[in-house]
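Worksheet: the structure to be examined is printed underneath.
Numbering (the working numbering), first residue to last: 38 to 163.
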């Protein structure tokens, strides 16, 4: 019976380790998924910034070509500048959100360690 008990105990420990490993893996996968979603959102906002800059340049040039004075006092120009500033603020927010996600700790194992902590080196025979 002692041999069977040792086998059973080893199997239970192995199953528990597998469960912990899957839990850590799923947490990391969820974290990576969040980061990817934020990066897609970031790319979209950055694209909007580029489009707004192009539109602003076009409007300013057209007004200049028409001989308009006080180009920066024009409603459309002010609106585009505000829009660009808002987009740039959102870019910064998203970048901070990505950094916060990267800093999130993973699930703790019953031993009290997080998946971020390095594992001890494997036994080596010399």
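C-beta: ideal position from N, C-alpha, C; glycine also.
Are the Cβ atoms of residue 76 and residue 138 separated by less than 8 Å?
no
Does residue 105 come out as helix, strand or coil in the three-state DSSP assignment?
coil
Should residue 124 be labelled buried (16 or more other beta-carbon atoms within 10 Å of its own) or exposed?
buried
Which same chain residues, not among the five before or five after residue 13, have their C-beta less than 8 Å away from its C-beta?
The shown model of the chain, from 38 to 163, leaves out residue 13, and the question about it has no answer.
Is the distance from the Cβ of residue 83 to the Cβ of residue 128 below 8 Å?
yes
Answer yes or no: do residue 118 and residue 86 have a C-beta to C-beta separation smaller than 8 Å?
no
Between residue 111 and residue 93, is the Cβ-Cβ spacing less than 8 Å?
no
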